[in-house]
Structures are given as C-alpha cells and as structure tokens.
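Trainee:
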Amino acid sequence: GGRNRLIDSPETFKELTQEYFDWVKANPVMKTVTASFQGEISYLKVPHTRGMTQFGLAAHMGIGLRTLQDYGSRDEFSRIYNDAMTYIKHWNADLAMTGEINASLVARLDGHVDKQEISNSVTIGKDLNDFYADTKAES
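The numbering used here applies: residue 369 is where the sequence shown begins, and numbers increase by one.
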C-alpha cells in the first residue's frame, strides 16, 4: 500500500490551510535595510509581509507539492483547495500592487508568466494602435 494519508478529512485539510494563512500573517519576513543619520550608518531589520505559496502551504501541511495538488483534484477536497489557491493569489496580488513582494515572482509562482505576458502585450499593443489612430483622426 501507499503512504498513510496525513490529512484524513476535508476538515483537517481546511484547518491546516487556515493555520498556514495565520502563520504567514503572524510571521513577516525580516528585511535588513541600511539607514544613515548624521554620518552614522546603521542596519535595521524591517518586517515585510510574507507572500503565500502552494509550496509553503504544502510544507506547512507536511506534504509535497504534488501531494497537495493530488488532494486538490479529489472531490471532497477540491473546493477547499480551490478556495485556498484563490485566497493565495489575491493575497499575493495585493502585496505585489503595494510593492511588498515582487510582482514577476508572483506571476511565476502562479504559473502564468508566459501566457499573461503574451495576452497583455497583444492587448496593450492593440489599444495603443487604436489610441494613435483616434489621435490622428482628430488632428
């Protein structure tokens, strides 16, 4: 037989997910910044909000990423898993918009770097062409 499942119920899965969210909020990443005041240089540890990842969630649960995703594909866990992935994406998007975490890293972790860049550049290019066409028409 396979390994015993650590997570025996959707309730346990949901509890572990909530624990991870709470842990991330309570444990910021400490970033060292250099400060200079009247010629005196000092190094300060400044808390920065921690991003959330599937990897972090899996590690918190004591399972691998593939195992986490396998839970997500099972009927009894899929809604909780999908809700968690949505929450993680919104959390990271909010942090990326405020500059707390790196936006391109968030895109890579979410797995839509290439698809996103292509669709954005096409959309932006089209909009700019339309804009210039409208501008020329007016002049």
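The beta carbon of each residue, even a glycine, is placed where N, CA and C say it ideally should be. Since the structure is predicted, the reported quantities are computational estimates derived from the model, not experimental observations.
Quick check: the region 404 to 417 against the region 462 to 476, are there 3 or more CB pairs under 8 Å?
Mentor: yes
Trainee: Spell out the partners DSSP gives E468 in its beta bridges.
Mentor: By one-based count along the sequence shown, residue 468 stands at place 100. According to DSSP, E468 bridges with nothing at all.
Trainee: So, under 8 Å CB-CB, V397 and L412 are touching, yes? Tell me the CB distance rounded to an integer number of Å.
Mentor: Your numbering for residue 397 matches position 29 in the sequence shown. Your numbering for residue 412 matches position 44 in the sequence shown. Actually they do not touch by this definition, with Cβ atoms about 14 Å apart.
Trainee: Look at the Cβ atom of L374, then the Cβ atom of I448, and state whether they are nearer than 8 Å.
Mentor: Position 6 of the sequence shown holds residue 374. Position 80 of the sequence shown holds residue 448. Going by C-beta atoms, L374 is not nearer than 8 Å to I448.
Trainee: Going by the CB atoms, is the gap between H428 and L463 shorter than 8 Å?
Mentor: The count along the sequence shown starts at 1 and reaches residue 463 at position 95. The count along the sequence shown starts at 1 and reaches residue 428 at position 60. The answer is no: Cβ separation not under 8 Å.
Trainee: Is F381 close to chain C, meaning its C-beta is less than 8 Å from at least one C-beta of that chain?
Mentor: Of the protein chains in the structure, only one exists, and it is not chain C.
Trainee: So the candidates are S441, P378, Q386, A452; which of them puts its Cα closest to the Cα of Q422?
Mentor: Residue 422 sits at position 54 when you count from the first residue of the sequence shown. When only C-alpha atoms are compared, the closest one is A452.
Trainee: According to DSSP, is M398 helix, strand or coil?
Mentor: Counted from its first residue, the sequence shown places residue 398 at position 30. The DSSP-derived three-state label of M398 is strand.
Trainee: For L425, count neighbouring Cβ atoms within 10 angstroms of its own Cβ and tell me buried if that reaches 16, exposed if not.
Mentor: Translated into positions along the sequence shown, residue 425 becomes position 57. Under this definition L425 is a buried residue.
Trainee: Just curious, the alpha helix (DSSP H) that L412 is in, first and last residue?
Mentor: Position 44 of the sequence shown, counting from 1, holds the residue named residue 412. Note, L412: premise wrong, no alpha helix (DSSP H); beta strand (DSSP E) at 408 to 416.
Trainee: Counting C-beta neighbours from all protein chains within 10 Å, is the total for I409 16 or more, i.e. buried, or is it exposed?
Mentor: Here residue 409 corresponds to residue number 41 of the sequence shown, with the count starting at 1. I409 should be labelled exposed.
Trainee: Return helix, strand or coil for S404, following the three-state DSSP convention.
Mentor: Sequence index remark: in the sequence shown, residue 404 carries index 36 (1-based). Here S404 sits in strand by DSSP.
Trainee: Looking only at its chain, what residues have a beta carbon closer than 6 Å to the beta carbon of F381, apart from the 5 residues adjacent to it on each side?
Mentor: Reading the sequence shown from its first residue, position 13 is the one you call residue 381. Hits under 6 Å: I375, F445, I448.
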